[in-house]
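Student: Take any residue in the sequence shown, note its place counting from 1, add 2, and you have its number in my numbering. The C-beta atom is built at its ideal place from N, Cα and C for all residues, glycine as well. Remember, predicted model here, so these are calculated numbers, not experimental data.
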Amino acid sequence: MSGAYRNTPTAALKTILGIPPLHMQLQFEARFTSIYRLRIPLPPFITDTQPHDLEMKATGWSIHPSEHLKPNQISFEDGEAYISLKDIINIFTDGSKPEHGVGADFCVLTNDIWAYQWSAKLNDNNTVFQAELTALHEAVIYASHLPNHNTSNIHVDNRASIMVSSNSKSTNETARKIFKILLSNPRIKVSWVKARAGNISNEKAEQLAKDATQHAQPY
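This is the structure we're talking about:
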């Protein structure tokens with residue numbers, strides 16, 4: 003396919019390996035740098051992606067390194083046992099990305115009564131992970147505004163979103179916002195709940211997220 007000399011054609015070898023031509027790779031890097039790093043928009047005939055479509059990574063420390071969440075605020079064990087407790091406000095979150103869009107939601111269960119629900123339609127370019135984080139962010143904001151004597155347990159079926167939101171070193175802007183709210187509100191707890199395991203409350207959140215992809219207000 004290719005010889006040992008620098009002037010030997012390598013087009014066939016690049017095709018087999020799936021390596022783009024050098025000029026195309028340079029063009030991609032230049033456009034990426036303009037949009038992502040320099041935040042300079044490019045003409046529509048070059049790309050539809052604009053700076054506001056891309057999520058920037060946060061830099062530096064969001065809080066002092068000595069500050070941490072309470073040990074009981076985050077749980078990766080199935081939190082279904084908390085649902086039956088009458089003195090806890092249970093909040094279920096979910097994010098969804100079927101073929102027709104991206105949605106995020108949370109719903110609030112208080113004493114076996116659905117007390118509140120929130121949903122929003124996200125940009126079609128958003129990922130499921132971003133939808134899950136958005137739902138969790140809105141849920142902790144809601145819980146932080148509840149009376150101080152109320153303990154809230156937020157149930158999330160996405161482990162990754164819990165992990166990044168409980169990490170003080172996270173570079174994700176939304177995760178950092180979640181962490182700061184949890185840090186200042188130790189009465190808010192976040193626990194993992196197994197998805198599609200027959201949990202009616204979590205299934206309601208899943209269905210609401212799917213409905214949000216078509217019927218909810220844009221976020």
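(1) Applying the criterion that 16 or more other CB atoms from any shown protein chain within 10 Å of the CB defines a buried residue, is Glu134 buried or exposed?
(2) With DSSP collapsed to three states, give me the class of Tyr221.
(3) For the beta strand (DSSP E) holding Ser95, just list the boundary residues, first then last.
(4) Please state whether DSSP places Leu111 in a helix, a strand or coil.
(5) Are the CB atoms of Thr136 and Thr173 nearer to each other than 8 Å?
(6) Let me make sure I understand the geometry here. Which of Leu44, Asn92 and Gly105 has the alpha-carbon closest to that of Asn128?
(7) Which runs of the beta strand (DSSP E), 3 residues or longer, sit entirely within the segment 165-197?
(8) By how many angstroms is the C-alpha of Ile190 removed from the C-alpha of Ala145?
(9) Measuring straight from C-alpha to C-alpha, what distance separates Glu170 and Ile164?
(10) Have a look at Met99 and Thr215 and give me their C-alpha separation to the nearest angstrom.
(11) Buried or exposed for His102, please, with buried defined as at least 16 other CB atoms from any protein chain shown within 10 angstroms of its CB.
(12) For Thr136, report the span of its alpha helix (DSSP H) as first-last.
(13) What is the DSSP secondary structure of His54, reduced to helix, strand or coil?
(14) Can you give me the Cβ contacts of Glu69 inside the same chain, cut-off strictly under 8 Å, excluding the 5 residues immediately before and after it?
(15) Buried or exposed: which applies to Thr95, given that a residue is buried once 16 or more other Cβ atoms fall within 10 Å of its Cβ?
(16) Identify the residues that DSSP records as bridge partners of Asn155: which are they?
(17) Considering just the uninterrupted stretch of the alpha helix (DSSP H) at Leu24, what are its terminal residues?
(18) For Tyr118, which residues does DSSP report across the bridge?
(19) Distance, Cα to Cα, Pro220 vs Ile18?
(20) With DSSP as the reference, label Leu19 as helix, strand or coil.
(21) Label Glu79 either buried or exposed according to how many other C-beta atoms from any shown protein chain fall within 10 Å of its C-beta, with 16 as the threshold for buried.
(22) I need the DSSP call for Ile76, collapsed to helix, strand or coil.
Tutor: Short version:
(1) Numbered from 1 along the sequence shown, position 132 holds the residue referred to as residue 134. With 16 or more Cβ atoms within 10 Å of its Cβ, Glu134 is classed as buried.
(2) Working through the sequence shown from its first residue, we reach residue 221 at position 219. Coil at Tyr221, not helix or strand.
(3) Against the sequence shown, residue 95 aligns to sequence position 93. Checking the sequence, you will find Thr at residue 95 rather than Ser. Here the beta strand (DSSP E) through Thr95 covers Ile90 to Ser98.
(4) Taking the first residue of the sequence shown as 1, we reach residue 111 at position 109. Looking at Leu111 - three-state DSSP - the assignment turns out to be strand.
(5) Residue 136 sits at position 134 when you count from the first residue of the sequence shown. Residue 173 sits at position 171 when you count from the first residue of the sequence shown. Against a cut-off of 8 Å, the Cβ pair of Thr173 and Thr136 comes out as no contact.
(6) Counted from its first residue, the sequence shown places residue 128 at position 126. Checking every option, the nearest Cα to that of Asn128 belongs to Gly105.
(7) 190-194
(8) Against the sequence shown, residue 145 aligns to sequence position 143. Against the sequence shown, residue 190 aligns to sequence position 188. Their backbone Cα atoms lie some 7 Å apart in a straight line.
(9) Locating residue 170 in the sequence shown gives position 168, where the first residue counts as 1. Locating residue 164 in the sequence shown gives position 162, where the first residue counts as 1. First, the amino acid is wrong: residue 170 is Ser here, not Glu. Distance between the alpha carbons of Ser170 and Ile164: 12 Å.
(10) In the sequence shown, residue 99 corresponds to position 97, counting from 1. In the sequence shown, residue 215 corresponds to position 213, counting from 1. Correcting the residue identity first, residue 99 is Lys in this sequence and not Met. Straight-line Cα distance between these residues: approximately 7 Å.
(11) Numbered from its first residue, the sequence shown carries residue 102 at position 100. Label assigned to His102: exposed.
(12) Within the sequence shown, the letter at position 134 stands for residue 136. Per DSSP, Thr136 belongs to the alpha helix (DSSP H) from Val130 to Ser146.
(13) The residue given as residue 54 occupies position 52 in the sequence shown. If DSSP states are grouped into helix, strand and coil, His54 belongs with the helices.
(14) Locating residue 69 in the sequence shown gives position 67, where the first residue counts as 1. Around Glu69: Ser170 and Leu185.
(15) Counted from its first residue, the sequence shown places residue 95 at position 93. Classification for Thr95: buried.
(16) Locating residue 155 in the sequence shown gives position 153, where the first residue counts as 1. Asn155 is bridged to Asn92 and Lys191.
(17) To locate residue 24, count along the sequence shown from 1; it is residue 22. Per DSSP, Leu24 belongs to the alpha helix (DSSP H) from Leu24 to Phe34.
(18) As a first step, residue 118 must be located in the sequence shown, where it is residue number 116. According to DSSP, Tyr118 bridges with Val110.
(19) The residue given as residue 220 occupies position 218 in the sequence shown. The residue given as residue 18 occupies position 16 in the sequence shown. Near 43 Å, if we compare the C-alpha coordinates of Ile18 and Pro220.
(20) Along the sequence shown, read from residue 1 onward, the residue named residue 19 stands at position 17. Reduced to three states, the DSSP call for Leu19 is helix.
(21) The sequence position of residue 79 within the sequence shown is 77, counting from 1. By the neighbour-count rule (16 or more Cβ atoms within 10 Å), Glu79 is not buried but exposed.
(22) For this step, residue 76 is matched to residue 74 along the sequence shown. DSSP places Ile76 in strand when its eight states are reduced to three.
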